[in-house]
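The structure appears below as C-alpha cells.
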Amino acid sequence: MTRRLLLSYLGLAILVLAGLEIPLGWIYARGELSRASQSVERDASMLAEVTEENIEKGDLDALPDVVGDYATRTGGHVVVTDRRGVVLADSDPFGRTGISIATQPDIARALRNQPTVATGGGVLSATMPGASGTTIRGTLRLTWPTAEVSARVHRIWGALALAGACILAAVALVAFTLARWITRPLRTLEAATAQLADGRLTNPPDATTGPPELRSLAASFTHTATRLQQLLKAQQAFASEASHQLKTPLTALRLRLENFEPHLDPRAHGSLEEAVGEVERLGRMVQGLLALARLENSATTPEPVDLDRVIADRVAMWEPLAAEQYVALAVTGRPAGRVWAIPGALEQIIDNPVANALRVSPRGSTLTLHRAPGAELHVIDQGPGMTETDRARAFDRFWRASGSHHDGTGLGLPIVRHLVHASGGGITLHPAPGTGLDAAVALRPVARGRPRGGSGSPRSAPATASAP
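Note that our numbering has the sequence shown beginning at -12, numbered continuously upward.
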C-alpha cells in the first residue's frame, strides 16, 4: 500500500508539473524566437537604410566595410544587391559579388518593395528593400543563425527539468513519509491479524500513530481480539473442565449398572447391556473432548519423523485385528523418508483412518496404505465409501456418517485434522477407484526446509484419538 500511495502522489505531482512547465517552456521558446526575429528585422531595416544612402551617393566601396563590421560584431551574414539584384557586397569573405540573385524569392519580393522575415534551416532571415519612397535602389538580406536562440531555449528547458526533478524528489520524500505514517497502523494490524489467526495475540496493533480512523480501527480490533481470546479460553476451559469432571461420574455409573446385572430379570439384560454400551460411548466421547482440549491448549514444534518406520510399526500393530476380519493390509509406493510432524502425531494420524477403514471393509478385501510422491499417504479401503455430502462433513465434531452402526464418537477425524494441520500438512477425503474411500494425508518432507508454523499453529500434546 505504501508503494501505491507513493506512486499516486508522484503521478499527481508529475501531472501538475507537466501542466505548468510544458506551457511555460513553450511560451519562453516562442518568446525567444519572436525577440530574435524582431531583432533581426530591426537590424536589417537599419542596415538597409545605411546601404541605400551609400548606393544613392555612389559610395559603393563603403558597403563591404559596413556589412563586414556588422557581421564581425553580431555573427550575422549580410548580402547587399543593387536595384537589378546584382550582389554589391557580401560579409562572407568567400562570398561572390557581381552575380545576380534577383530570381531568389526573398530578393524578388524586396525588389518589389516587399520585406520578408522568415525562419528555417537553422537561421533567421530578414530581406529588406533599400528604398526612398517608391524608388528601389537595392536590397539587403540579413541572416542570423538560431543556434544561440536554441541554446538559450535548451538552457531554460534544462532549468525547468532540474526544478521539476527537485520538486519530484521533495514530493517523493514527503509522500513516502506520509504513506509510511498512514500505513503504519495497517502494518501492525496485519501482523496482529496473523498472530490472532495462529491463536494468540501477543503484540496488539499500534493505536497511537496514523490517521484518526486507523487509530480507531486498531483500538477496536484490539478490543475485539482480546474479547475473542477470552471467550475462546473460557470455551476451552469449560470443555476441559466439564470433560474431566464427567469422567468420574461416568465410571461410577458404569460400575453401578454392571452391579445391577445379578439382580435383574434375564429379560432386562439386553437393555442393561445397551445402557452400559452407551455409557462406554459417552466415556470415549469425554476422552475425545479432553484430547481436543489438550491439543488446543498446548503448542509443539514439528520435528523430523521417519514416515516409513511409523507406517511399518502401525501396520504390524493392526495386522492381527485385520486378519481376524479377513482383511489384508498392503503398503505400496516408494519410501517417503522423513517428514515434519509434531511428536506422537503420526501414529494417531495413521491409526484413525485405518480403524475407520477396518470397520467398513468387507471380508476378503484389501486395505492399502499408499505412499505417493510429495510425502502423501493414502489410506484406501474397499468399503461402501461416502457421499460427497458426508465427505464434506466428516471433519465436523460429533458428526457420524448417515447409516453408520458403529459406536464412534465423531471426534476421531477432527483430532486427526488438527494434528495434521499442526504438523503443517493437510488431509482430504476422496472416492477410491471403484468403491471405497481414499483418506489422503499430505505432509511436508524434511528436504523442503525447516518448518515455519505450517498451515496452522503447531500445537499438540499426544492424545488418544477415538474413531468417528
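Glycine included, every Cβ here is placed at the ideal spot set by N, Cα and C.
- Task: Would you give the residue range spanned by the alpha helix (DSSP H) that residue 23 belongs to?
- Result: In this chain, the alpha helix (DSSP H) harbouring residue 23 covers -11 to 44.
- In chain order, what residues of the same chain lie with their CB nearer than 6 Å to the CB of residue 105, ignoring the 5 residues before and after it? 112
- Item | Integer-rounded CB distance, given that residue 38 should sit under 8 Å from residue 117 | Right, the Cβ-Cβ distance comes to about 6 Å (below 8 Å), so this counts as a contact.
- Could you give the DSSP three-state label for residue 127: helix, strand or coil? strand
- Message: Which complete alpha helix (DSSP H) runs does the stretch 280 to 349 hold, if anything under 4 residues is left out?
- Response: DSSP runs (the alpha helix (DSSP H)) wholly in the stretch 280 to 349: 294 to 311, 332 to 347.
- Query: Hey, how far is the Cα of residue 386 from the Cα of residue 376?
  - Reply: 12 Å
- Message: In this structure, how does DSSP classify residue 251 when only helix, strand and coil are distinguished?
- Response: coil
- Note down the Cα distance separating residue 21 from residue 99, rounded to an integer number of angstroms. 25 Å
- Query: Hey, how far is the Cα of residue -8 from the Cα of residue 155?
  - Reply: 14 Å
- Item | Coil, strand or helix - residue 401 by DSSP | Here residue 401 carries a helix assignment [DSSP, helix/strand/coil].
- Straight-line gap, residue 85 to residue 103 (C-alpha atoms, nearest Å): 23 Å
- C-beta atoms of residue 196 and residue 168 nearer than 8 Å: yes
- Query: residue 363 and residue 428: beta carbons closer than 8 Å?
  - Reply: yes
- Item | Inter-residue Cα distance where the pair is residue 131 and residue 95 | 20 Å
- Alpha-carbon to alpha-carbon, residue 322 and residue 248: 53 Å
- Task: For the beta strand (DSSP E) holding residue 102, just list the boundary residues, first then last.
- Result: Residue 102 -> no beta strand (DSSP E), and no H or E assigned at all.
- Length at least 4, wholly inside the stretch 123 to 209: the alpha helix (DSSP H) runs in chain order: 134 to 184
- Query: From this set, 204, 184, 183, which residue's C-alpha is nearest residue 193's C-alpha?
  - Reply: 204
- Message: Please tell me whether residue -3 and residue 147 are closer than 8 Å, where the distance is taken between their beta carbons.
- Response: no
- Neighbourhood of residue 297 by C-beta distance below 7 Å, restricted to the same chain and skipping five residues each side: 333, 334, 337
- Query: In three-state DSSP terms, what is residue 70?
  - Reply: coil
- Pull up the distance between the alpha-carbon of residue 101 and that of residue 114, whole angstroms please. 9 Å
- Where does residue 48 fall in DSSP's three states? DSSP places residue 48 within a helical segment (H, G or I) once states are collapsed to three.
- Apart from the five residues on each side of it in sequence, which residues of its chain come closer than 6 Å, Cβ to Cβ, to residue 97? 114, 116, 126
- DSSP three-state assignment for residue 355, whether helix, strand or coil: In the three-state DSSP reduction, residue 355 falls in the strand class (E or B).
- Give the range of the alpha helix (DSSP H) segment to which residue 89 is assigned. Neither: residue 89 is in no alpha helix (DSSP H) and is coded neither H nor E.
- Item | For residue 424, the three-state DSSP class (helix, strand or coil) | strand
- CB-CB length for residue 34 against residue 57, believed under 8 Å: Cβ atoms of residue 34 and residue 57 come within 8 Å of each other, at about 6 Å.
- Taking just the CA atoms, how far does residue -6 sit from residue 29? Using only the alpha carbons, I get a separation of about 51 Å.
- Length of the line joining the Cα atoms of residue 27 and residue 128: 10 Å
- Task: Check whether the stretch 311 to 322 touches the stretch 350 to 362, taking contact to mean three or more Cβ pairs, one atom from each stretch, closer than 8 Å.
- Result: In short, these stretches touch, since the Cβ pair count reaches three.
- Task: Go ahead and label residue 9 buried or exposed: buried means 16 or more other beta carbons lie within 10 angstroms of its beta carbon, across all protein chains shown.
- Result: exposed
- Query: Is DSSP giving residue 415 helix, strand or coil here?
  - Reply: strand
- Task: Could you check how far apart the C-beta atoms of residue 151 and residue 4 are, in whole angstroms? I think they sit under 8 Å.
- Result: 5 Å
- Taking Cβ to Cβ, would you say residue 55 is nearer than 8 Å to residue 24? no
- Message: Quick test of your reading: residue 265 and residue 330, contact by CB under 8 Å. State the CB separation rounded to the nearest angstrom.
- Response: At roughly 34 Å, the Cβ-Cβ gap does not stay under 8 Å, so residue 265 and residue 330 are not in contact.
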